[in-house]
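Reading through the structure tokens given below for one structure.
Protein chains in written order, with the numbering used here: chain U, 2 to 182; chain F, 13 to 294.
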């Protein structure tokens, strides 16, 4: 190193006789550089690189874990949503089925009720018809007897009113005349 | 207008020619080179202590001071950042900035280049990245100086990278296994001596390239900025001021990019070499 620097010094010595060459190697600077650098390396390794690198990897691991956790949670949530969807579809089907069933039941019930009421109505009509006929007959009978009564009464009244001798004689005469003819 | 005055034009040309004749570039080099004092002109100059140990000059220089400044800034910043992580894992304020860079080094440099087992080299790569980045940026502030534009600094950083690469490779594959793995499989026996030399050379050219790349990149931008601004004083005219300033500003913006880029490249290549040494099967 020394001979090399002398050689280089010789080549560049023309440039600056006063201040020396930039290629001068000062052994003191070498020593101080070694001391400074080694000291800096040791002190920074202890106070800086170890804690800082540990903190960085700790944080990176934390972020990685968090991301993994978030991923897992998201997958779980997605699974849950899918499950929910399936159960929702199932529930919908169930509800549909129930509605269908109840509709069927209602339909059946309706038909039954309708039938029943129809037959009842028919029966009622028949009953009513027979009742009316019976009542009619009864009324007719009553009317008949009443009319007969009234007629007899009227006849009686008329007979009583018109029972005088002249008229009767005349009438009998008239009848007799008629018979003669 | 005074531009049309032939006297001034010849004057400026004469000055420029004289300046070129003198080849006095020391004023540029003064800003780029290491120094034994801290300039705070016009407020004053701080002279740094001169130290000697076993006959070697280990004086504190300007670049050493700025390396220490980088060290202090980094330590204070990261104490704050580490404490903010203890409070909450959510980054706020300056923690956001450092986290971007840390995660960048980890995810874009260490993991792709080294792969399995990158955690062991991460502290080195992070330290190298932030140290080089801070040194690069300290050169861009007023009164600042770029420690990474000193070849001694970059060579030392590259040597440390080289040692990390070799030790990392040897720890993974064993000392013998590592050197055996350097030579590709299935080559003829007679090529072995040549391959040995080539591979050994390749081993040393990598850190050499690292050192030169960082040094040259960090030096060049400053020299270009200084040369552009120096144009004003060399030509002794206000005409070049807008040109010089706008060009210098452009180079300065480019230097911000280069400061980031070189820290990234140094770290990335270190990681790549570590990866090649650790996983020799590829």
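From the three backbone atoms N, C-alpha and C, an ideal C-beta is built for every residue, glycine too.
In the DSSP assignment, residue 143 (chain F) falls within the alpha helix (DSSP H) that extends over 134-150.
Residue 95 (chain F) and residue 52 (chain U) have their alpha carbons spaced roughly 9 Å apart. Going by C-alpha positions, residue 277 (chain F) is about 35 Å away from residue 252 (chain F). At a beta-carbon threshold of 7 Å, the residues of chain F lying near residue 59 (chain U) are 101, ordered along the chain. If you draw a straight line from the Cα of residue 145 (chain U) to the Cα of residue 164 (chain U), it is about 27 Å long.
In the three-state scheme derived from DSSP, where H, G and I count as helix and E and B as strand, residue 265 (chain F) is classed as helix. At least 9 Å separates the CB of residue 205 (chain F) from every CB of chain U. Under a 10 Å Cβ-count criterion, residue 62 (chain F) is classified as exposed, with fewer than 16 other Cβ atoms of the shown protein chains found around its own Cβ.
Of all residues in the region 55-82 of chain U, the ones placed with a Cβ closer than 9 Å to any Cβ belonging to chain F are 55, 56, 57, 59, 60, 63, in chain order.
For residue 26 (chain U), the secondary structure class from DSSP, reduced to helix, strand or coil, is coil. Rounded to the nearest whole angstrom, the CA to CA distance from residue 217 (chain F) to residue 71 (chain U) is 52 Å. Ranked by Cα distance from residue 134 (chain F), the options F:44, F:100, F:113 are led by F:113. In terms of Cβ geometry, residue 38 (chain U) and residue 286 (chain F) do not form a close pair [threshold 9 Å]. Counting along the chain, residue 93 (chain U) sits inside the alpha helix (DSSP H) bounded by residues 51-162. Residues of the region 67-82 of chain F with a C-beta atom less than 9 Å from some C-beta of chain U are 68, 69, 70, 71, 72, 73, 75, 76, 79, 80, 82, listed in chain order. Contact between the region 54-65 of chain U and the region 97-113 of chain F is established, with three or more Cβ pairs separated by less than 8 Å. In this structure, DSSP gives residue 70 (chain F) a state outside helix and strand, which the three-state scheme calls coil. Secondary structure note for residue 178 (chain U): its alpha helix (DSSP H) is the uninterrupted segment 166-181. For residue 211 (chain F), the enclosing alpha helix (DSSP H) covers residues 204-247. If you check the CB distance, residue 75 (chain F) and residue 162 (chain F) come in under 9 Å. Residue nearest to residue 282 (chain F) within the set F:49, F:122, F:292, F:244 is F:122 (criterion: CA-CA distance). Secondary structure at residue 51 (chain F): strand, using DSSP grouped into helix, strand and coil. Assigned with DSSP and collapsed to three states, residue 251 (chain F) falls in coil, not helix or strand.
As the crow flies, the alpha-carbon of residue 97 (chain U) is around 20 Å from that of residue 84 (chain U). Within the model, the alpha-carbon separation for residue 50 (chain F) versus residue 73 (chain F) is close to 8 Å. Chain-order list of chain U residues neighbouring residue 46 (chain F): 25, 27, 30, by C-beta distance under 8 Å. Look at the region 127-153 of chain F: the residues with a C-beta under 9 Å from a C-beta of chain U are 131, 134, 135, 136, 138, 139, 140, 142, 143.
For residue 42 (chain U), the residues of chain F that pass the 7 Å Cβ criterion are 135, 136, 139, in the order they occur in the chain. A Cβ-Cβ distance of about 20 Å is found for the pair residue 231 (chain F) and residue 28 (chain U), leaving them out of contact under the 8 Å criterion.
When the beta-carbon positions are compared, residue 223 (chain F) and residue 150 (chain F) stay at least 9 Å from each other. From the listed residues F:119, F:86, F:156, the smallest Cα separation to residue 107 (chain F) is found for F:86. Going by beta carbons, residue 79 (chain F) and residue 147 (chain F) fall inside the 9 Å limit. Distance from the CA of residue 79 (chain U) to the CA of residue 99 (chain U), rounded to the nearest whole angstrom, comes to 30 Å.
Excluding sequence positions up to five before and after residue 161 (chain U), its CB lies less than 7 Å from no other CB in the same chain.
The beta carbon of residue 58 (chain F) sits closer than 8 Å to those of 49, 50, 52, all from its chain and outside the five residues before and after it, given in chain order. Residue range 56-59 is occupied by the beta strand (DSSP E) that includes residue 56 (chain F).
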